[in-house]
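Notes to accompany the following structure.
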Amino acid sequence: MLFASLGSLSAAHLTGLSLFGVTTFGNQLVTIDPMTGAGTVVGSFGDTIFATGLGVRDGRLFAFDQVNDRLREINKVSGALISSIDIGVGNLTGEGALTFRASDGVGFLASPLNANNEPVNDFFMFTIAASGTAGTSVRVGSTGVAIDAMAFNSRGILYAIGQADAILYTINPANGATTAVGPIRVGSDNLIKNSPIAGMTVAPANPDRGGLEEIYASIDDRLFIIDPTTAAARVASADVINFGPFVSSVAGLAFAPGAGTLGNISTRLRVGTGENVGIGGFIVTGAPSKRLIVRGIGPSLTRFQDPLQDPEIEVFNANGVSLARNDDWRQSQEAEIRASGLAPTNDKEAAIIGNLAEGTYTVVLRGTRSTTGVGLVEIYDLNLGNGSRLANLSTRGFVERNENILIGGMIVTGSAAQRVVTRAIGPDLRARGVANPLQDPQVDIFDGNGMRIAGNDNFGTGGQTDELAQNGLTPGDSRDSAIILTVPPGNYTALVTGVGGSTGVALVEFFNLTR
């Protein structure tokens, strides 16, 4: 085999950081495991930009949009483009590169070709105003060689990879002049020349390598770790990193703080009448307003013996004022709901889309004409990572046995793990006016593969009472349950049951502690 794999190494110096990448042809934001090269798509830009390089400024991700000659900020949670800044540099072609100097936030662009596809190897410097709008830009010189990727280390040394020669260079930021460090090699093997696309970034100092700030580079869509002093490389991914259908697509890499949120929270329950209807509560924090879709699902739950045949939902604010109500989703907002990609599959199911400001809200799920059955209440975030977030979901319902227990679900999206509290409240509900609370609830957490990852009966036995208290989330009764977990992006389910097969009204709650 030409290149041996990296093997097991510590990555403690990368704690709290995600290795982000951009795909030129796929127009996607991705994350890549720095130890294995395994990749995950965060989301689509929502536009074709032919991204060249990926830069980090104040923890935010930017790519240069060659299609529109703009700098574009990328949402780290959803992958969507969230800004467009004209930095006064246009008509760039070729793959090129983008990077920012951490000490002052000044940006640099390298472009092998001009608008006429002539090999100019231009090197530009630009600034962004404090307001986030365009600052100034200037061509400071020529790199003399075609540059495919570049990145600064913490001391302000600018490294680059040659487009046609797989040579590691340093660039003088004052005039663009390049100096060769040497050909990038794995053992005695030079990397393939004429690499179609490359991306690179510099990692924090690695104590396992004597404090060296190593370079992580995607070349021919394999991930390499390069010694900046010698250009000697180790292989992190023996297989091609491919975010299909295009090979050789990772055009930029950057280490940046990860970001995540709860993108979807839902609860399945037995919907009765009176105090046994489904009652969901959720909290929106931050600004601007959060665009959400709330759904009430029933007839499509065909795997259950008694699905709720005609659900309706109603959303209330913290003052108990009804904000919206829907019975059959096609009666109103049909086009908008279809455009969201979250239209229910049965015309009898309910859905509402709206913009909600920071605050506390309640959604009531009931059957029309007092019908009963198994139902699902769901809340989806339609503008992930816009500054506001879903911070909490709680659903109250009647816990029976077998398939009629209370089941809560959440989806962690983005690139960073979230610290989440899951609570199952029963006896404490009597103080809130519930006549028949579940006397001894238990909660069990399962991951997306159906593996049980945690469980709790009485919260005081879980060894997390201090953290619950610090966050004001101590249940009011010792028989209530609570678990605090740090969970990576993925799907999770909480099952609330009664100990000993007991039944009654309970509350399942998710609180996101990650700020």
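For the sequence shown, counting from 1, position 60 maps to 63 in this note's numbering; every step adds exactly one. C-beta atoms are modelled at their ideal positions from N, C-alpha and C, and glycine is treated no differently.
Other residues of its chain near residue i: CB distance less than 8 Å, five sequence neighbours each side excluded
i, result
"S87", "D68, N71, R73, L74 and R75"
"S145", "V123, N124, D125, F126 and G179"
"R518", "none"
"E352", "R298, G299, I300, G301, P302, S303, P314, D331 and W332"
"G507", "F401, V402, G429, N439, P440, L441, Q442 and G501"
"S325", "E317, V318 and F319"
"G503", "D443"
"Y364", "G284, F285, I286, V287, V318, F319, N320, A321 and L326"
"G10", "In this prediction, G10 scores a pLDDT of 40, lower than 50, which makes its location untrustworthy; the coordinate-derived value is nonetheless stated afterwards. Here the set comprises nothing."
7 Å Cβ shell around residue i - same chain, five flanking residues per side excluded
i, result
"P37", "A14, L17, L22, Y219 and A239"
"A457", "I448, I486 and L488"
"P478", "R426, I428, D431, F462 and A485"
"P186", "A169, I170, N193 and A234"
"S343", "I296, I356 and L385"
"S221", "G24, A201, G202, I244, V253 and L256"
"P210", "H16"
"A434", "G479"
"S505", "L441, Q442 and D443"
Continuous beta strand (DSSP E) stretch holding residue i: start and end
i, result
"T73", "Here residue 73 is Arg; the residue named in the question, Thr, does not match the sequence. Unbroken beta strand (DSSP E) run through R73: R73 to I77."
"A137", "A137 to S145"
"N515", "G507 to N515"
"V380", "G376 to D384"
"V205", "A201 to V205"
"A259", "V253 to P260"
"I35", "Q31 to I35"
"P186", "T181 to P186"
"G400", "R392 to V402"
"N329", "S325 to N329"
"D151", "I150 to F155"
"R426", "Q421 to I428"
"T27", "Note, T27: premise wrong, no beta strand (DSSP E); not H, not E."
"G190", "No beta strand (DSSP E) contains G190, which DSSP labels as neither H nor E."
"V367", "G362 to G370"
"L101", "A100 to F103"
6 Å Cβ shell around residue i - same chain, five flanking residues per side excluded
i, result
"M413", "L265, I268, Y495 and F513"
"N2", "Only positions 4 to 518 of the chain appear in this structure, which leaves residue 2 out of reach."
"A419", "G261, A262 and G263"
"T83", "Here residue 83 is Ala; the residue named in the question, Thr, does not match the sequence. Counting only Cβ-Cβ distances below 6 Å, and skipping sequence neighbours, we find G49."
"L409", "L272, G400, V402, V499, A509 and V511"
"P491", "A420"
"V205", "A154, N156, E216 and I218"
Residue i - containing alpha helix (DSSP H), residue span
i, result
"L471", "T468 to Q473"
"R341", "E337 to A342"
DSSP beta-bridge partners of residue i
i, result
"M413", "I268 and Y495"
"V45", "V45 is not bridged to any residue."
"G351", "One detail in the question is off: residue 351 reads as Lys in this sequence, not Gly. The partner list for K351 (beta bridge, DSSP) is empty, contrary to what the question assumes."
"E599", "There is simply no residue 599 to check, as the chain begins at 4 and stops at 518 in what is shown."
"D168", "Note: D168 sits in no beta bridge, so no partner."
"T130", "Beta-bridge pairing links T130 to no other residue."
"Q69", "Q69 is not bridged to any residue."
"I228", "Y219 and R237"
"L22", "F258"
"I88", "L74"
"G58", "F65"
"N520", "Since the first residue of the chain shown is 4 and the last is 518, residue 520 is not available in this structure."
"E317", "R328 and V367"
"A83", "Note: A83 sits in no beta bridge, so no partner."
Residue-level contact to chain D via CB, residue i, 8 Å cutoff
i, result
"P122", "Here there is only one protein chain, and chain D is not present."
Note down, one range per segment and in chain order, each alpha helix (DSSP H) of at least 4 residues found wholly within the region 432-490. Within the region 432-490, the complete alpha helix (DSSP H) runs of at least 4 residues are 468-473.
Beta strand (DSSP E) runs contained entirely in the region 271-315, provided each spans 3 or more residues: With a minimum length of 3 residues, the continuous beta strand (DSSP E) runs that stay inside the region 271-315 are 281-288 and 293-300.
Assess, as a yes-or-no matter, whether the region 332-349 is touched by the region 398-406 under the definition of 3 or more beta carbon pairs within less than 8 Å. Touching, no, given that fewer than three Cβ pairs across the two stretches are closer than 8 Å.
Does the contact criterion of 3 or more C-beta pairs under 8 Å hold for the region 131-138 versus the region 28-44? As far as the Cβ criterion goes, the region 131-138 does not touch the region 28-44, which means the pair count is below three.
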